[in-house]
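Engineer: Protein chains in written order, with our numbering: chain A, 139 to 620; chain B, 0 to 505. Think of the CB as a built atom: it goes at the ideal place given N, C-alpha and C, for glycine as much as any other residue. A single structure is presented below for examination.
Written out as structure tokens, the structure is:
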């Protein structure tokens, strides 16, 4: 059973587990005030895992391993690497967060959640999929409510837990119905069953709705988005960043595999349902982001809107569509982590996430102002940053599939987006602090933040200019589904 | 392999912007020096390209470079210039160079007055150069994806440049208005671009954004008629076409001087050029189908812009609306779809770019010293800044279309072409010539001659040497092109021949 392929297929997960064990062993030996250094260990360890996996563990032809529960292919691999990258950056952001970064548990929970995400992206079996989703979610519930003395954080964790438990129960019910109708839990066997047309369509449409509920919660698709702003606002900011990027991308990996493998040849037109969801999600997210005055809440609504854009690629049901979603997620992870990174760095010094706290930022720290500019322009979809190319690919896929109306909705939405992203930049570049003496209030970057932010900004520019290699990886991921 | 001159031109400002951002913030003089060096380098290279194209009697796309960028989708970094775009590359180089000169900034210790850019010049030049890279990229790109990529790069720095360094009273409003207008236009055009890409791919089997490929795609008439309007008008928003011109005067007024120069001198040409290249050249049948509509909009812009400019009391608003009027002439030339009209439009893009850059430069010099742009509050400027006055008057003569200046070389063929196509429109549009002459001469008298108001006496100082260099450069170009039309007209004609070939009339 343990062939070398089987070993390789879970190589990143195994290595992360080993890293977690090392953390557990090291932690008690460190004095309280030095436990922050566990963040270096986590980030560095994840980086090594990333490199090792890329060098050794690249998938060849798609193979099923572990009793057909895991599919070792580019989709899972590419997403896995994205999650490891995101977790590594998040570990750096956690280090200097007050009351969070000094505790070893936070890094171990982060690693546990990353293992879950990586498995989500490669799971090929309903049971494995459900286990992976829970492995991802439970540590995240704890992380969101990690600051016990802070009421908002506790509220955030609890709210996330209640919503998450509820929707995953609904999804589990959908899984059980799928098994009941077909007698198999394997995704690819399910796909064959649907191709053969054994199951009555209306029944399955009900199942699809149940699955959409569960997955929509993960990626915050309207109307299952209500948790996002409150949870993001209350949770420690690095955790919000992780939730809005890696966790969302994991949801999209599952959506891509589930819907494009299992239901692709299904007679019912679920694409139209998704198209409507996508349009509504973009619109609601963007419109609600407009009046916000708190940057974390604004980023929460903007991340809802971005889920809507990415959904366009799923709706297209084509190779280019999936490739564009994968690319979109890569671009979005890098961009949004950078945006949250700035919030972390500023919030630590200023102690507030309101727009007003950002007045004069470009004078207090020119480099931070530029990083924020790059991240926000990328979110707004401007070249030469990653967001532009990602959006063009997604729109191109939709035009190819004939969803021109959806592209028009997307375009109108991105105009709204430009408005509120640039509005924040006005605080950073134009408005001044009350005493107009920004030189006396510099914002210093600690070393982990500086490293993480510079890596992210280079990533944003690299993905937006030299996009060919990333696109070919995304394309490889997409090809494995077809 | 030949020296990749076009990619060096395109990426010089971008690289300079990165270098600028690495200079410590207090080192303002060093930042300015780097900016000037980069601008000079780009100007010399673009001048070299222009002279080569002219003296070697080249035709078609020259200096072509192609690098595969994303072969899977047929995207490549494909540069090349033809007779239409080579003058525009030079124009961008000139405006960039003069823009840096007049933004150099000096701080007079005695009077505590400052000119140019004093606040964060490092960021100012960096953003301006990112913009310049985008502009060069659009003029040189032969790949539709890259054209669009550079087009967007040219749009967003405008917001920052206006909102940070602009006129304090209207900058927030004007910057956002401008950005939203331009962004809406460009994304509307994007849908058309994507539709072209897929349709061409389906019919020819080659999926490519390469414009030389797309020119041969042979889109069906119904497709062209449907998509021409979004593509053409999407880009033409940036060209200031009526009724989507509203952002433009507001933007001009709010922008700092160098940005106004870029905005009116180069960016509006970007819109007209992209509308020509993507709209008319790739969808020629659609252009023929809709040319009456463009002609109508353009004629309204020409006359209406001139009249609105006539009643302005703010010097910058006057120039802003005169730009709408003159860009209307470019659109009018494009809408004729004949040899004369297109040639005139090509020359007018260059001539107007230089002229309006000069206008804004002089206006900026006056405003920096008098702190007002209200025409009734100004007067007698030729006594303190005779050099600027001469420059402004030359610009005014170009603007009126006087023979001997580049304006005549541009406007005459346009009206000739319009007459060939619709004589009535030519008659109506020619009203603008009279109105333009009137407001230019009246305002030159009010601003530069007569008595200086008491409030200003004693405060005014002459312009700096750098300002004079900038004015001289711009004036020489306008007079040179006016006296020797062969410096530009034959070159533009080679570009026009290709367009006419695509239109199927020659």
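Listed from N- to C-terminal order along the chain, which residues in the segment 161-187 of chain B have their beta-carbon within a distance smaller than 9 Å of any beta-carbon of chain A?
Structural biologist: 162, 163, 170, 171, 174, 175, 178, 179, 182, 183, 186 and 187
Engineer: Comparing alpha-carbon positions, which option in B/451, B/297 and B/342 lies nearest residue 325 of chain B?
Structural biologist: The sequence position of residue 325 of chain B within the second chain is 326, counting from 1. Selected option, being the one with the closest Cα: B/297.
Engineer: Would residue 474 of chain A and residue 382 of chain A qualify as a contact pair, given that the criterion is a beta-carbon distance under 8 Å?
Structural biologist: As a working mapping, residue 474 of chain A is identified with position 336 in the first chain. As a working mapping, residue 382 of chain A is identified with position 244 in the first chain. In contact: residue 474 of chain A and residue 382 of chain A (Cβ atoms closer than 8 Å).
Engineer: Which residue marks the beginning of the alpha helix (DSSP H) containing residue 223 of chain B, and which one marks its end?
Structural biologist: Within the second chain, residue 223 of chain B is the residue found at index 224, counting from 1. Unbroken alpha helix (DSSP H) run through residue 223 of chain B: 220-235.
Engineer: Can you check whether the CB of residue 431 of chain A is closer than 8 Å to the CB of residue 370 of chain A?
Structural biologist: Here residue 370 of chain A is taken as the residue at index 232 of the first chain, counted from 1. Here residue 431 of chain A is taken as the residue at index 293 of the first chain, counted from 1. No, the pair does not count as a contact, with Cβ atoms beyond the cut-off.
Engineer: Check each candidate in A/496, A/199 and A/395 and name the one with the smallest Cα separation from residue 570 of chain A.
Structural biologist: For the purposes of this step, residue 570 of chain A is taken as the residue at position 432 of the first chain. Out of A/496, A/199 and A/395, A/496 has the C-alpha closest to the C-alpha of residue 570 of chain A.
Engineer: To the nearest angstrom, how far is the alpha carbon of residue 57 of chain B from that of residue 344 of chain B?
Structural biologist: For this step, residue 57 of chain B is matched to residue 58 along the second chain. For this step, residue 344 of chain B is matched to residue 345 along the second chain. Looking at the two C-alpha atoms, the distance is approximately 20 Å.
Engineer: Consider the Cβ of residue 418 of chain B: report whether some Cβ of chain A lies at a distance smaller than 8 Å.
Structural biologist: For the purposes of this step, residue 418 of chain B is taken as the residue at position 419 of the second chain. Not closer than 8 Å to any Cβ of chain A, the Cβ of residue 418 of chain B fails to qualify, so no.
Engineer: Taking the C-alpha atoms as reference points, what is the distance between residue 611 of chain A and residue 205 of chain A?
Structural biologist: Locating residue 611 of chain A in the first chain gives position 473, counting from the first residue. Locating residue 205 of chain A in the first chain gives position 67, counting from the first residue. Taking the straight line from one Cα to the other gives about 27 Å.
Engineer: Classify residue 450 of chain B: buried if its beta carbon has 16 or more other beta carbons within 10 angstroms, exposed otherwise.
Structural biologist: As a position in the second chain, residue 450 of chain B is number 451, starting the count at 1. Per the 10 Å Cβ criterion, exposed.
Engineer: Could you name the residues of the same chain whose beta carbon sits closer than 6 Å to that of residue 139 of chain A, not counting the 5 residues immediately before and after it, in chain order?
Structural biologist: Walking along the first chain from the start, residue 139 of chain A turns up at place 1. Low per-residue confidence applies at residue 139 of chain A: pLDDT is 49, beneath 50, and the placement is therefore not dependable enough to give any value.
Engineer: In this structure, what does DSSP give as the bridge partners for residue 373 of chain B?
Structural biologist: As a working note, residue 373 of chain B is residue 374 in the second chain. Paired residues: B/313.
Engineer: Would you list, in sequence order, the uninterrupted alpha helix (DSSP H) runs of no fewer than 4 residues that lie entirely inside the segment 64-143 of chain B?
Structural biologist: Those alpha helix (DSSP H) runs which fall completely within the segment 64-143 of chain B and span 4+ residues are 84-101 and 120-139.
Engineer: Let me confirm a value: residue 274 of chain A is counted as buried when at least 16 other C-beta atoms fall within 10 Å, else exposed. Which label applies?
Structural biologist: Here residue 274 of chain A refers to the residue found at position 136 when the first chain is read from its first residue. Buried, by the Cβ-count rule.
Engineer: Using the three-state DSSP reduction, which class does residue 520 of chain A fall into: helix, strand or coil?
Structural biologist: Mapped onto the first chain, residue 520 of chain A falls at position 382. Residue 520 of chain A falls in the coil class under three-state DSSP.
Engineer: Compute the beta-carbon to beta-carbon distance between residue 287 of chain B and residue 213 of chain B, rounded to the nearest angstrom, for a pair I have assumed lies under 8 Å.
Structural biologist: Start at 1 with the first residue of the second chain, and residue 287 of chain B comes out as number 288. Start at 1 with the first residue of the second chain, and residue 213 of chain B comes out as number 214. Contact flag wrong, Cβ pair sits at about 18 Å.
Engineer: Is the segment 352-366 of chain A touching the segment 385-392 of chain A, taking contact as three or more C-beta pairs under 8 Å?
Structural biologist: A contact is defined here as three or more CB-CB pairs under 8 Å, and the segment 352-366 of chain A meets this definition with respect to the segment 385-392 of chain A.
Engineer: Using DSSP bridges, identify the partner residues of residue 263 of chain A.
Structural biologist: Here residue 263 of chain A is taken as the residue at index 125 of the first chain, counted from 1. Answer is A/324.
Engineer: Kindly say whether residue 658 of chain A, judged by its beta-carbon, lies nearer than 8 Å to any beta-carbon of chain B.
Structural biologist: Any answer about residue 658 of chain A is impossible in this case: the structure gives chain A only from 139 up to 620.
Engineer: For residue 187 of chain A and residue 586 of chain A, what's the separation of their Cα atoms in angstroms?
Structural biologist: Numbered from 1 along the first chain, position 49 holds the residue referred to as residue 187 of chain A. Numbered from 1 along the first chain, position 448 holds the residue referred to as residue 586 of chain A. Distance between the alpha carbons of residue 187 of chain A and residue 586 of chain A is about 19 Å.
Engineer: Using a Cβ distance threshold of 8 Å, determine whether the segment 247-259 of chain B contacts the segment 214-233 of chain B, with at least three qualifying pairs required.
Structural biologist: no
Engineer: Of all Cβ atoms in chain B, is any one closer than 8 Å to the Cβ of residue 571 of chain A?
Structural biologist: The residue given as residue 571 of chain A occupies position 433 in the first chain. No, no contact with chain B.
Engineer: Looking only at C-alpha atoms, which of B/406, B/161, B/186 and B/235 sits nearest to residue 151 of chain B?
Structural biologist: By one-based count along the second chain, residue 151 of chain B stands at place 152. Ranking the options by Cα distance to residue 151 of chain B, first place goes to B/186.
Engineer: Excluding the five sequence neighbours on either side, which residues of its own chain have a C-beta within less than 8 Å of the C-beta of residue 101 of chain B, listed in chain order?
Structural biologist: What you label residue 101 of chain B is simply residue 102 of the second chain in a count that begins at 1. These residues qualify, in order along the chain: 115, 256, 257, 260, 360, 363, 364, 465, 466 and 469.
Engineer: Could you check whether the Cβ of residue 139 of chain A sits closer than 8 Å to any Cβ belonging to chain B?
Structural biologist: Along the first chain, read from residue 1 onward, the residue named residue 139 of chain A stands at position 1. At residue 139 of chain A, the pLDDT of 49 sits below 50, so the modelled position is not reliable and the matter cannot be decided from this model.
Engineer: Give the DSSP-derived three-state secondary structure of residue 339 of chain B in the structure shown.
Structural biologist: Taking the first residue of the second chain as position 1, residue 339 of chain B is located at position 340. Of the three classes helix, strand and coil, the one that applies to residue 339 of chain B here is helix, per DSSP.
Engineer: Identify the contact partners of residue 549 of chain A in chain B, using a Cβ-Cβ distance below 9 Å as the criterion.
Structural biologist: On the first chain, position 411 is the one that residue 549 of chain A refers to. The contacting residues are 183, 186, 187, 189 and 190.
Engineer: Closer than 8 Å, Cβ to Cβ, to anything on chain A: give me those residues from the segment 201-230 of chain B, in chain order.
Structural biologist: none
Engineer: For residue 37 of chain B, which option in B/409, B/16, B/54 and B/48 has the closest C-alpha, if you only look at C-alpha atoms?
Structural biologist: Along the second chain, read from residue 1 onward, the residue named residue 37 of chain B stands at position 38. The candidate whose alpha carbon is nearest that of residue 37 of chain B is B/16.
Engineer: What does a CB cutoff of less than 7 Å around residue 388 of chain B pick up in its chain, not counting 5 residues either side in sequence?
Structural biologist: The residue you call residue 388 of chain B lines up with position 389 of the second chain. 380, 381 and 447, listed in sequence order.
Engineer: Can the beta-carbon of residue 476 of chain A be found closer than 8 Å to that of residue 591 of chain A?
Structural biologist: The sequence position of residue 476 of chain A within the first chain is 338, counting from 1. The sequence position of residue 591 of chain A within the first chain is 453, counting from 1. In contact: residue 476 of chain A and residue 591 of chain A (Cβ atoms closer than 8 Å).
Engineer: Determine, using beta carbons only, whether residue 533 of chain A comes closer than 8 Å to chain B.
Structural biologist: Within the first chain, residue 533 of chain A is the residue found at index 395, counting from 1. Under the 8 Å criterion on CB atoms, residue 533 of chain A is classed as interfacial with respect to chain B.
Engineer: List, in chain order, every chain A residue whose beta-carbon is nearer than 8 Å to that of residue 246 of chain B.
Structural biologist: As a working note, residue 246 of chain B is residue 247 in the second chain. Neighbours of residue 246 of chain B on chain A: none; closest Cβ ~14 Å, over 8 Å.
Engineer: With DSSP collapsed to three states, give me the class of residue 276 of chain B.
Structural biologist: On the second chain, position 277 is the one that residue 276 of chain B refers to. Helix at residue 276 of chain B.
Engineer: DSSP on residue 492 of chain B, reduced to helix/strand/coil?
Structural biologist: Counting from 1 along the second chain, the entry for residue 492 of chain B is found at position 493. In the structure shown, residue 492 of chain B sits in a helix (DSSP, three-state: H, G or I).
Engineer: In whole angstroms, what separates the C-alpha of residue 633 of chain A from that of residue 487 of chain A?
Structural biologist: Nothing about residue 633 of chain A can be read from this structure; chain A reaches only from 139 to 620.
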